[in-house]
Amino acid sequence: MRSRHLFGRHTKADLPVAVAGEGPYLIDAEGRRYLDACGGAAVSCLGHGPNPVTEAAKDQLDRMAYAHTSFFTSEPAEELADRLIALAPQGIERVYFVSGGSEATEAAMKLARQYFLETGEPERRHIIARWQSYHGNTLGALSAGGNRWRRGQFEPLLSGAMHHIDACHYWRFAEEGEGPEEYGLRVANQLEEKILALGPETVAAFIAEPVVGATMGAVPAVPGYFQRIREICDQYGVLLILDEVMCGTGRTGTLFASEQEGIFPDMVCIAKGIGAGIQPLGAMLCSDKIFAAVEAGSGFFQHGHTYIGHPVATRAGLAVLDEFEKHDLLSNVREMGNRLMTALIGRFGNRSHVGDIRGRGLFLGLELVDNRMTKTPFDPSLNLHARIKKAAMAEGLMCYPMGGTVDGLRGDHILLAPPYTIGEEHVEEIVDKLDRALEVAFEQVAA
Ligand code: PMP
Numbered sequence: 001m002r003s004r005h006l007f008g009r010h011t012k013a014d015l016p017v018a019v020a021g022e023g024p025y026l027i028d029a030e031g032r033r034y035l036d037a038c039g040g041a042a043v044s045c046l047g048h049g050p051n052p053v054t055e056a057a058k059d060q061l062d063r064m065a066y067a068h069t070s071f072f073t074s075e076p077a078e079e080l081a082d083r084l085i086a087l088a089p090q091g092i093e094r095v096y097f098v099s100g101g102s103e104a105t106e107a108a109m110k111l112a113r114q115y116f117l118e119t120g121e122p123e124r125r126h127i128i129a130r131w132q133s134y135h136g137n138t139l140g141a142l143s144a145g146g147n148r149w150r151r152g153q154f155e156p157l158l159s160g161a162m163h164h165i166d167a168c169h170y171w172r173f174a175e176e177g178e179g180p181e182e183y184g185l186r187v188a189n190q191l192e193e194k195i196l197a198l199g200p201e202t203v204a205a206f207i208a209e210p211v212v213g214a215t216m217g218a219v220p221a222v223p224g225y226f227q228r229i230r231e232i233c234d235q236y237g238v239l240l241i242l243d244e245v246m247c248g249t250g251r252t253g254t255l256f257a258s259e260q261e262g263i264f265p266d267m268v269c270i271a272k273g274i275g276a277g278i279q280p281l282g283a284m285l286c287s288d289k290i291f292a293a294v295e296a297g298s299g300f301f302q303h304g305h306t307y308i309g310h311p312v313a314t315r316a317g318l319a320v321l322d323e324f325e326k327h328d329l330l331s332n333v334r335e336m337g338n339r340l341m342t343a344l345i346g347r348f349g350n351r352s353h354v355g356d357i358r359g360r361g362l363f364l365g366l367e368l369v370d371n372r373m374t375k376t377p378f379d380p381s382l383n384l385h386a387r388i389k390k391a392a393m394a395e396g397l398m399c400y401p402m403g404g405t406v407d408g409l410r411g412d413h414i415l416l417a418p419p420y421t422i423g424e425e426h427v428e429e430i431v432d433k434l435d436r437a438l439e440v441a442f443e444q445v446a447a
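Just so it is clear: in the sequence shown, position 209 is 209 by the UniProt record's numbering, and no numbers are missing.
Set out below in structure tokens:
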């Protein structure tokens with residue numbers, strides 16, 4: 001169908017109309033089934049169709065759908081806050097519920113600024129982020145984001161208080177002969193260099209995705225990188241914000257991705273998985289130190305949206321955590337993640353044009369290159385990622401290809417982020433369908 005509510009390329013192409021869901025499959029109006037191997041954009045962690053989360057949301061709709069947070073709190077919001085705090089990294093003691101990822105990162109960056117106003121350091125105004133990262137599409141989040149293509153035409157509207165250092169992507173960016181630890185230290189130390197260049201007394205926060213999702217395709221940092229980052233933040237009194245909107249909420253096999261880095265952030269942003277696509281839900285979690293400073297100072301966080309702490313969304317979030325626990329889904333993420341990684345390496349490990357296969361849990365990426373030896377990306381005008389997406393949809397597979405060498409640095413990649421509920425049969429189906437889709441796309445660009 002030609003869409004009248006979407007913009008751009010979607011109005012020109014015929015989009016299938018999704019009408020139903022069943023486990024990891026979405027079904028269109030013609031009855032075609034699509035295996036959702038990317039959870040949309042790493043959202044649908046419980047798959048599709050009716051489940052206990054949809055039931056919980058319906059029940060909450062009937063009980064009490066909405067109560068504005070300047071008048072009331074609600075049982076689901078309080079209960080979900082308690083559950084998340086109990087499970088969150090050490091030091092995290094407060095939660096601020098929002099409706100999505102951009103709202104979560106905006107809230108974190110504003111709270112970082114307010115924290116320093118409350119604590120008598122008003123000159124701390126700069127935020128440092130990384131190139132090749134994504135923190136959302138609203139102006140503040142986009143200013144922090146490091147995807148030059150997304151920023152491009154909006155540069156005049158972006159904040160001048162945001163600064164960038166390099167991404168940590170060993171396979172793509174390490175120098176000849178440089179070991180992972182040496183590389184990790186070098187790129188982490190760029191944070192210190194940037195802080196010193198700006199003046200340590202002027203820097204409020206550093207924001208980064210523990211495993212980079214949309215802009216790089218499931219790229220974890222090398223071991224030791226985030227420990228050095230934490231050290232630098234501590235040394236200069238800079239707050240560390242982790243954006244776990246995509247990689248968090250169990251996606252990498254632990255509830256918080258930072259658990260695998262052995263560090264404790266000052267703030268964490270989550271979204272996507274916590275609402276499982278069933279409700280729009282995100283959250284910014286922060287340390288007691290930050291909360292206490294605001295409470296002792298002006299007394300309130302100068303922020304807010306109409307739908308913060310939404311009862312239906314937070315009730316769905318609670319039901320999502322119940323599902324994780326009831327079915328031990330994070331163990332399945334680790335087990336199926338290992339199987340999928342092994343299957344991908346088995347099938348594509350020696351395939352021409354597949355440069356790198358990486359990721360954690362059920363958050364995996366393949367980087368595609370024109371030349372494997374030189375890691376030269378495909379010519380962006382070939383639109384390889386769009387061809388793969390189209391060929392995969394024709395096979396009945398949803399995967400998330402992104403690409404083009406927009407920074408002159410990065411190749412096309414495919415992000416895989418299937419529901420946490422998949423089994424071995426789905427792993428095989430993903431690899432088989434992806435194989436056929438890649439054949440079609442590679443043939444097209446070769447012609
Ligand atoms: N941060 C990260 C790491 C993301 O991947 C995304 C969404 N892809 C966002 C922020 C923004 O989330 P939303 O689209 O829900 O605003």
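Even glycine gets a Cβ: it sits at the ideal position worked out from N, Cα and C.
Shortest alpha-carbon distance to residue i belongs to which of the options?
| i | options | result |
| --- | --- | --- |
| ARG125 | LYS110, LEU384, ALA42 and PRO377 | LYS110 |
| ASP266 | ALA161, PHE348, GLY136 and GLN90 | GLN90 |
| GLY224 | MET216, GLU193, LEU198 and GLY179 | GLY179 |
| SER352 | ALA81, ILE274, GLU443 and LEU415 | GLU443 |
| LEU26 | GLU425, PRO418 and LEU434 | PRO418 |
| ARG358 | ALA88, PHE116 and PRO220 | PRO220 |
| residue 476 | LEU438, HIS48, LEU364 and ILE232 | Outside the shown range of the chain, which is 1 to 447, sits residue 476, and nothing can be said about it. |
| PRO114 | THR215, LEU438 and ALA296 | The residue you asked about is not Pro; residue 114 is Gln in the sequence shown. Checking every option, the nearest Cα to that of GLN114 belongs to ALA296. |
| LEU35 | GLU439, LYS375, LYS433 and VAL445 | LYS433 |
| PHE154 | ALA204, GLY217, GLY184 and ALA141 | ALA141 |
| VAL445 | MET393, ILE422, LEU368 and LEU384 | LEU384 |
| GLU176 | GLU429, THR374, GLY396 and PRO401 | THR374 |
| PRO24 | MET64, VAL43 and ASN371 | VAL43 |
| ASP412 | GLY101, TYR420 and CYS399 | CYS399 |
| ASP288 | ILE85, THR252, GLU22 and GLY273 | ILE85 |
| PHE291 | ARG436, VAL95 and GLY317 | VAL95 |
| GLY184 | MET393, GLN227 and ALA204 | GLN227 |
| GLU93 | ILE414, ASP234, ALA293 and GLY47 | ALA293 |
| GLU395 | LEU6, HIS5, ARG32 and PHE7 | ARG32 |
| GLU325 | ILE308, MET393, ARG63 and GLY250 | GLY250 |
| LEU415 | LEU382, LYS58, VAL268 and ALA214 | ALA214 |
| ALA441 | THR421, LEU382, TYR420 and GLY423 | LEU382 |
To which residues of the same chain is residue i closer than 8 Å at the C-beta, ignoring the five residues directly before and after it?
| i | result |
| --- | --- |
| residue 449 | Lying outside 1 to 447, the shown extent of the chain, residue 449 is not represented and no answer is given. |
| ARG186 | GLU178 |
| VAL406 | Model confidence at VAL406 stands at a pLDDT of 48, short of 50, so the residue's coordinates are unreliable; what they give is reported in the following sentence. Within the same chain, VAL406 has close Cβ partners ASN147, ARG148, TRP149 and PRO380. |
| HIS169 | GLN132, VAL212, MET216 and VAL219 |
| MET341 | ILE357, GLY359 and LEU364 |
| PHE7 | none |
Taking the beta strand (DSSP E) that residue i belongs to, which residues open and close that run?
| i | result |
| --- | --- |
| ARG130 | 126-130 |
| GLU106 | Counting along the chain, GLU106 falls outside any beta strand (DSSP E), though it belongs to the alpha helix (DSSP H) covering 101-118. |
| residue 533 | Examination of residue 533 is not possible in this model, given that the chain is present from 1 through 447 alone. |
| ARG150 | Counting along the chain, ARG150 falls outside any beta strand (DSSP E), though it belongs to the alpha helix (DSSP H) covering 148-151. |
| GLU178 | No beta strand (DSSP E) contains GLU178, which DSSP labels as neither H nor E. |
| ILE270 | 267-270 |
| LEU26 | 25-28 |
| GLY21 | 18-22 |
| TYR34 | 33-36 |
| GLU93 | 92-98 |
Excluding the 5 residues preceding and the 5 following residue i in the sequence, name in chain order all residues of the same chain whose CB lies nearer than 7 Å to its CB.
| i | result |
| --- | --- |
| ALA144 | THR105, MET109, ILE127, ALA129, HIS135, MET162 and ILE207 |
| MET1 | ASP14, LEU15 and VAL17 |
| GLY355 | GLU367, LEU368, VAL369, ARG372, LYS375 and GLY411 |
| ARG151 | LEU142, GLY145 and LEU158 |
Excluding sequence positions up to five away, which residues of its chain have a Cβ less than 6 Å from the Cβ of residue i?
| i | result |
| --- | --- |
| ALA343 | VAL427 and VAL431 |
| ALA29 | VAL17 and VAL19 |
| ALA88 | LEU285 |
| ILE195 | VAL203 and TYR236 |
| PRO200 | TYR236 |
| ALA271 | GLY100, GLY101, ALA104, VAL245 and GLY282 |
| GLY309 | THR69, ALA77 and PHE97 |
Ends of the alpha helix (DSSP H) at residue i?
| i | result |
| --- | --- |
| GLY140 | 139-144 |
| PHE173 | 170-173 |
| GLU40 | According to the sequence provided, residue 40 is Gly. The question's Glu does not apply to it. Residues 39-42. |
| ARG83 | 75-87 |
**Request:** Enumerate, from N- to C-terminal direction, the unbroken beta strand (DSSP E) stretches of 3 or more residues contained entirely within the region 345-398.
**Result:** Qualifying beta strand (DSSP E) stretches, in chain order: 354-360 and 363-368.
**Asked** Looking at C-beta atoms only, is the number of pairs between the region 375-394 and the region 279-289 that lie closer than 8 Å three or more?
**Response** The region 375-394, when compared against the region 279-289, does not touch it at the 8 Å Cβ threshold.
**Message:** Does the region 77-87 come into contact with the region 304-315, if we say contact requires no fewer than three beta-carbon pairs (one atom in each stretch) closer than 8 Å?
**Reply:** Note that the region 77-87 touches the region 304-315; at least 3 beta-carbon pairs, one per stretch, sit closer than 8 Å.
**Prompt:** Does the region 290-310 touch the region 328-335, meaning 3 or more C-beta pairs lie closer than 8 Å?
**Reply:** By the Cβ criterion, the region 328-335 is not in contact with the region 290-310, since fewer than three pairs of Cβ atoms, one from each stretch, lie closer than 8 Å.
**Message:** Which runs of the alpha helix (DSSP H) at least 4 residues long sit entirely within the region 282-350? Give them in chain order.
**Reply:** Segments of the alpha helix (DSSP H) lying fully in the region 282-350: 288-296, 311-326 and 329-348.
**Prompt:** Taking only runs of the alpha helix (DSSP H) that begin and end inside the region 400-447, which ones reach a length of at least 4 residues, in chain order?
**Reply:** Fully enclosed alpha helix (DSSP H) runs of 4 or longer: 424-446.
**Request:** May I have a chain-ordered list of the alpha helix (DSSP H) segments no shorter than 4 residues that lie completely inside the region 181-252?
**Result:** List check, alpha helix (DSSP H) in window: 225-236.
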